[in-house]
Amino acid sequence: MKKPYQVIGVGNAMVDVLAEIDESFLIKNQISKGVMQLTDRDRGVHLCSLIKPSKEVGGGSAANTIASIAEAGVKTAYVGKIKNDKLGKVFAADMHSLGVDYSTPFAPLEHPQDTGRCVVLITPDGERTMNTYLGVTEFLSPSDIDSEKMMNCEWIYLEGYRFDGPESHEAFSKAIAACKGDNGKISLTLSDPFCVQRHKDAFNKVITESVDLLFCNRAEILALYMCEDLFDALNLSSKEVETVACTDGENGAYIVHKGELTHVKAKSVKVIDTTGAGDLFAAGFLWGIVNGYDIKTSGQMGCVAGSNMVTQFGARPKEGLIRLFESEALI
Numbered sequence: 004m005k006k007p008y009q010v011i012g013v014g015n016a017m018v019d020v021l022a023e024i025d026e027s028f029l030i031k032n033q034i035s036k037g038v039m040q041l042t043d044r045d046r047g048v049h050l051c052s053l054i055k056p057s058k059e060v061g062g063g064s065a066a067n068t069i070a071s072i073a074e075a076g077v078k079t080a081y082v083g084k085i086k087n088d089k090l091g092k093v094f095a096a097d098m099h100s101l102g103v104d105y106s107t108p109f110a111p112l113e114h115p116q117d118t119g120r121c122v123v124l125i126t127p128d129g130e131r132t133m134n135t136y137l138g139v140t141e142f143l144s145p146s147d148i149d150s151e152k153m154m155n156c157e158w159i160y161l162e163g164y165r166f167d168g169p170e171s172h173e174a175f176s177k178a179i180a181a182c183k184g185d186n187g188k189i190s191l192t193l194s195d196p197f198c199v200q201r202h203k204d205a206f207n208k209v210i211t212e213s214v215d216l217l218f219c220n221r222a223e224i225l226a227l228y229m230c231e232d233l234f235d236a237l238n239l240s241s242k243e244v245e246t247v248a249c250t251d252g253e254n255g256a257y258i259v260h261k262g263e264l265t266h267v268k269a270k271s272v273k274v275i276d277t278t279g280a281g282d283l284f285a286a287g288f289l290w291g292i293v294n295g296y297d298i299k300t301s302g303q304m305g306c307v308a309g310s311n312m313v314t315q316f317g318a319r320p321k322e323g324l325i326r327l328f329e330s331e332a333l334i
C-alpha cells in the first residue's frame, strides 16, 4: 500500500532576497565569498538597505527541493517555521500554490523575531554568497513535527542548515523515529561546509545511525570527513550510508550506492547564478528515486536539474523537472 506522502522536507522556511553585486561590495562589507554566513536581524536589515533587491521569493534549501518535486507531481509536505507577517505569507503562498502540504503552526506575531530572510548576493561570475537571518525558522521545535505525517511518508528530507537551531536536533530525532518506525527512509543534505564544521558531531551521529541517502558537494564531504581527497571521503561515507550523492561542479556528480561508484557528467552550460543548484540536484535525484528509476538515471536527472538551475537567476526553476527530463530523453 502506497503512503500518502512520497517526500516530506524538514528545514528552513524563509524568503530569498536576490541582488546582483560586484566583488568590491563583498570586500567593502567584509563578506566571505561563496558561502553561507549567519547574520542577526540588524545585519540583515542593513544589507538590504545597501542593495537594490531584484527579487523576493520563497526560499530555504530544503523548501526549494520540495517545491520543485511537488511541481513535478510528487506528493509532498513541508515543515519549517515562519511568522504570520508579510514575508511569512509570501513563503506559505508559494508552497501552497505548488500543492505542498504546508501547515507548520505560525510563530505568534508578538515573537521578537521575524520570518527569516536570506540575502543572496550574486557576483558577475554567477557565484552566490548568502547572508542568512534565520529569524523564527531557528525556533523549529519537536512540537512542530507531526509524527503521523512522518509515519505516512516514504522519505523525509532533512536540511543540514537546520542544525543551527536550538531544538532542531530534537525535532529531527522525532521526525526520524516516526518515519523509520513505519519503514520510511531518511535523506539528509549537508548544506554547507561551515555548517558541517559547527555541528560535526551531530552530523556524524545522525548519518551513522539513521541516514539512507546523503546529499553533499565536494567541500561539504571533505569537511565532514576531514579529508583532502574526494575519493577518500566518498569511501569513508560509503561505509556509513547506503547511497551518497556528491556534486562536484563542472565535473558532475559522484554517486556511491552500496559501495559501487558511478560518475555522472555535468551538462556544459553558461553559469549565470549558482543559487539553488544543489537544491535542484537533490530534487532531480529524489524525483528519480521515488518514481522507480535506477541510481545512475536518478543521478543524471539530478545533474540535468542542477545544470539548468545555474543558467537562470534565483533559486526556483523557471522550467519544470518533467519537461527537463523529457528534453534529455530521461523519461
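One point on numbering: in the numbering used here, the residue at position 265 of the sequence shown is 268, and numbering is uninterrupted. C-beta atoms are modelled at their ideal positions from N, C-alpha and C, and glycine is treated no differently.
According to the Cβ coordinates, are residue i and residue j closer than 7 Å?
{"i": "Val313", "j": "Val274", "result": "yes"}
{"i": "Glu243", "j": "Ile292", "result": "no"}
{"i": "Thr278", "j": "Val123", "result": "yes"}
{"i": "Lys6", "j": "Glu157", "result": "yes"}
{"i": "Ile224", "j": "Ala178", "result": "no"}
{"i": "Ser144", "j": "Ala174", "result": "yes"}
{"i": "Thr140", "j": "Met17", "result": "yes"}
{"i": "Gly309", "j": "Leu283", "result": "yes"}
{"i": "Lys58", "j": "Leu101", "result": "no"}
{"i": "Ala269", "j": "Glu253", "result": "yes"}
Start and end of the alpha helix (DSSP H) containing residue i?
{"i": "Tyr160", "result": "Careful: Tyr160 lies outside any alpha helix (DSSP H), inside the beta strand (DSSP E) at Cys156 to Glu162."}
{"i": "Met98", "result": "Lys89 to Ser100"}
In angstroms with no decimal places, state the Cα-to-Cα distance between residue i and residue j.
{"i": "Glu26", "j": "Val267", "result": "32 Å"}
{"i": "Gln303", "j": "Gly119", "result": "33 Å"}
{"i": "Thr126", "j": "Glu151", "result": "44 Å"}
{"i": "Leu137", "j": "Ile325", "result": "32 Å"}
{"i": "Glu23", "j": "Val93", "result": "22 Å"}
{"i": "Arg221", "j": "Glu74", "result": "28 Å"}
{"i": "Met98", "j": "Leu112", "result": "21 Å"}
{"i": "Leu161", "j": "Ser52", "result": "32 Å"}
{"i": "Gln9", "j": "Lys78", "result": "5 Å"}
{"i": "Ala205", "j": "Gly63", "result": "21 Å"}
{"i": "Met133", "j": "Leu216", "result": "25 Å"}
Three-state secondary structure (DSSP) at residue i?
{"i": "His172", "result": "helix"}
{"i": "His202", "result": "coil"}
{"i": "Met312", "result": "helix"}
{"i": "Gln9", "result": "strand"}
{"i": "Val274", "result": "coil"}
{"i": "Asn294", "result": "coil"}
{"i": "Phe218", "result": "strand"}
{"i": "Asn207", "result": "helix"}
First and last residue of the beta strand (DSSP E) that includes residue i?
{"i": "Cys230", "result": "Note, Cys230: premise wrong, no beta strand (DSSP E); not H, not E."}
{"i": "Glu123", "result": "With the sequence shown as reference, residue 123 is identified as Val, and Glu is not the correct amino acid for it. It spans Gly119 to Ile125 - the beta strand (DSSP E) in which Val123 sits, taken as one unbroken run."}
Going by the C-beta, is residue i closer than 6 Å to any heavy atom of the ligand COA?
{"i": "Lys86", "result": "The model on display carries no ligand, and the ligand COA is accordingly not part of it."}
Would the stretch 105-116 count as touching the stretch 74-90 if we require 3 or more Cβ pairs under 8 Å? Cβ pair count under 8 Å is three or more, so yes.
Given 8 Å, three or more beta-carbon pairs between the stretch 30-47 and the stretch 181-192: Judged by Cβ distances under 8 Å, the stretch 30-47 makes no contact with the stretch 181-192, as fewer than three pairs qualify.
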